[in-house]
Every structure is written in structure tokens, then in C-alpha cells.
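K.L.:
For reference, the structure I am asking about is given below.
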Amino acid sequence: MSSVRIQSEDFDPGAEMAALKNGQNEAGAVVSFVGLVRGDDGLNAMTLEHYAKFALREITDHVEQAKTRWPLLDVRVVHRTGRLTPGERIVFVGVSSAHRQAAFEAASFLMDYLKTRAPFWKLEERAGEERWVEERARDDESVKRWH
Amino acid sequence: MKLLYFAWVRQKIGCSEEDFTPSADVKTVMQLINVLRARGSGYEEAFRDPARLRCAVNQSHVGFDAPVNATDEIAFFPPVTGGHA
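Protein sequence lines, in the order shown, are assigned to chains Y and Z. In this text, residue positions in the first sequence follow my numbering: the first is 9, and each later residue adds one. In this text, residue positions in the second sequence follow my numbering: the first is 22, and each later residue adds one.
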């Protein structure tokens, strides 16, 4: 089981967690992550642009990779696009599994991917100036640990 | 073919998508880049430094030596990034 959504509207983390399937009560662990827009360095807003068909395919592909790698019962991913301000929710990853280690690792793997490789581009607004976020070497490092 | 542009590539060119029919001798992404680059100042700026660009043909990441065909959907964009979350 899995669900991947890309949307401009906000989501309800509680509802997403509640929607995670637990099989026939086989789940012993649910791990969820909610990413927020961080307001440091005077960030006023961030606009996420995406390539809809490509992003959905890429994220779904990584969810399938996670399900091959760890024994997961369910995975839910929600990623927002559009203009977001500090404090707003931007991404949700939730996984359910029989045991916690698989759930923690799978959620972390998916977040590292979403943060660094998923086809979203981020335009930051600070003090009236707009700037596209550039590639960072550090992001590549966080993905490499899964290879 | 259908061309899609994202982020600053879109801003420099001034549109997010367009239909384009290159001459028959354009067979690879790199050849397409060179043709597009010659189309005007916005294109020249966007495609001047191909190392700053990534390309997807029919929603799959490809290298610049990948083949292109008349019915393809070809997207140009900057490398995807981290940032706030």
C-alpha cells in the first residue's frame, strides 16, 4: 500500500497518520515526519515549483524502492508546492511496519531523497529579493549513505 | 517536440513550455541545446552554461548525449536542491 500526493493546499498530519494501514494489526511501528518551512536568515517566503508528471513518477519510484528494501505495510507521502511562509508544513512522510527499525530507516531514506533529489525548485524571498536555492554538496552526502 | 522549462531556466526564457520543431539534423540533447541557444538573448542566457542544467526526456533524467525525437517531451531545469525543511 502507498499514497503519494503533490498539492498546494495544507495537509492534516494526524489524518495522514491515521490513514496509514496496519495490515491485520501487523504494524508495530508508525514513523512520521513533518517538514516545516524554517524562518531563519530572514526568510519571508519560499515558492516551490515542480514538474508534476516527473515529480510524481520519481517519488512513487522511491516509495517502491523503500518498500523493496524494508518490510513496510504502508507509506504515505504528501509534498506541497506554491508559495509557503515560515512555519507552514511543506512535506509529510509516514510509514508503518512490523518493527520500528524498518519504519525509522525507511522514513529517513524517503526524506533524504525528497529533500535533495525530488524535482522541486525553491525560490526564496528575503528582504524583497528573490533567489533560487542552489545545489549543495552536503545534500549529496546525506543521500550517499543509502547507497 | 514539447519543451518545458523550470525555475530560472523558465524565467530567463520567459515561458514555461512551448512546441518546437528543430531541423532534422538535431539528434541529441546537446545539439538541441545549441540550436535553442541561438534563438535569442533569453535562450542564450539560459543555455550558455550547460553544466548548470539538467535534462529529462519523457520524464526520465538523461545525459546531454541522449537522443531526442519529434514526439518527445523535453524538460530543462537546474539541479534540484535542498533548502528549508
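Don't be surprised by glycine CBs; every beta carbon is placed ideally from N, CA and C.
Here's the rule: buried if 16 or more other CB atoms are within 10 angstroms of the residue's CB, otherwise exposed. What is residue 54 (chain Y)?
P.N.:
By 1-based counting over the first sequence, the position of residue 54 (chain Y) is 46. Classification of residue 54 (chain Y): buried, given that the 10 Å Cβ count is 16 or more.
K.L.:
If you draw a straight line from the alpha carbon of residue 24 (chain Y) to that of residue 44 (chain Y), how long is it in whole angstroms?
P.N.:
Taking the first residue of the first sequence as 1, we reach residue 24 (chain Y) at position 16. Taking the first residue of the first sequence as 1, we reach residue 44 (chain Y) at position 36. Approximately 16 Å between the Cα atoms of the pair.
K.L.:
Which runs of the alpha helix (DSSP H) fall wholly inside the stretch 52-85 of chain Y and span at least 4 residues, in chain order?
P.N.:
Counting only runs of 4 or more, we get 60-77.
K.L.:
Which residue comes first and which comes last in the beta strand (DSSP E) that contains residue 80 (chain Z)?
P.N.:
Stepping through the second sequence from its first residue, residue 80 (chain Z) is reached at position 59. Element bounds for residue 80 (chain Z): n/a, residue is neither H nor E.
K.L.:
Can a CB atom of chain Z be found closer than 8 Å to the CB of residue 65 (chain Y)?
P.N.:
If you number the first sequence from 1, residue 65 (chain Y) lands on position 57. Taking Cβ atoms only, chain Z reaches closer than 8 Å to residue 65 (chain Y), which makes this a yes.
K.L.:
Please decide whether residue 154 (chain Y) counts as near chain Z, where near means a Cβ-Cβ distance under 8 Å.
P.N.:
Here the question's residue 154 (chain Y) lines up with position 146 in the first sequence. For residue 154 (chain Y), the answer is no, since every Cβ of chain Z falls outside 8 Å of its Cβ.
K.L.:
On the premise that residue 35 (chain Y) lies in contact with residue 106 (chain Y), defined as a C-beta separation below 8 Å, what is that separation, rounded to the nearest angstrom?
P.N.:
Here residue 106 (chain Y) corresponds to residue number 98 of the first sequence, with the count starting at 1. Here residue 35 (chain Y) corresponds to residue number 27 of the first sequence, with the count starting at 1. The Cβ separation is near 7 Å, so the contact holds.
K.L.:
What in chain Y is Cβ-close to residue 25 (chain Z), meaning under 8 Å?
P.N.:
Working through the second sequence from its first residue, we reach residue 25 (chain Z) at position 4. Ordered by position in chain Y, the residues that pass the 8 Å Cβ test against residue 25 (chain Z) are 59.
K.L.:
Quick check: what's the CA-CA separation for residue 99 (chain Y) versus residue 114 (chain Y)?
P.N.:
Numbered from 1 along the first sequence, position 91 holds the residue referred to as residue 99 (chain Y). Numbered from 1 along the first sequence, position 106 holds the residue referred to as residue 114 (chain Y). Distance between the alpha carbons of residue 99 (chain Y) and residue 114 (chain Y) is about 15 Å.
K.L.:
Please report the Cβ distance between residue 66 (chain Y) and residue 126 (chain Y), rounded to the nearest whole angstrom; I am assuming they are in contact, meaning their Cβ atoms lie under 8 Å.
P.N.:
Reading the first sequence from its first residue, position 58 is the one you call residue 66 (chain Y). Reading the first sequence from its first residue, position 118 is the one you call residue 126 (chain Y). Between residue 126 (chain Y) and residue 66 (chain Y) the Cβ distance is about 6 Å, and since that is below 8 Å, they are a contact.
K.L.:
Name the residue from Y:47, Y:57 and Y:37 whose alpha carbon lies nearest to the alpha carbon of residue 78 (chain Y).
P.N.:
What you label residue 78 (chain Y) is simply residue 70 of the first sequence in a count that begins at 1. Taking only the C-alpha atoms, the option nearest residue 78 (chain Y) is Y:37.
K.L.:
Using a Cβ cut-off of 8 Å, pull out every chain Y residue sitting near residue 68 (chain Z), in sequence order please.
P.N.:
Your numbering for residue 68 (chain Z) matches position 47 in the second sequence. Correct list: empty, because the minimum Cβ distance to chain Y is about 16 Å.
K.L.:
So is residue 132 (chain Y) buried or exposed if we call it buried at 16+ other beta carbons inside 10 Å?
P.N.:
Within the first sequence, the letter at position 124 stands for residue 132 (chain Y). With 16 or more other Cβ atoms within 10 Å, it is buried.
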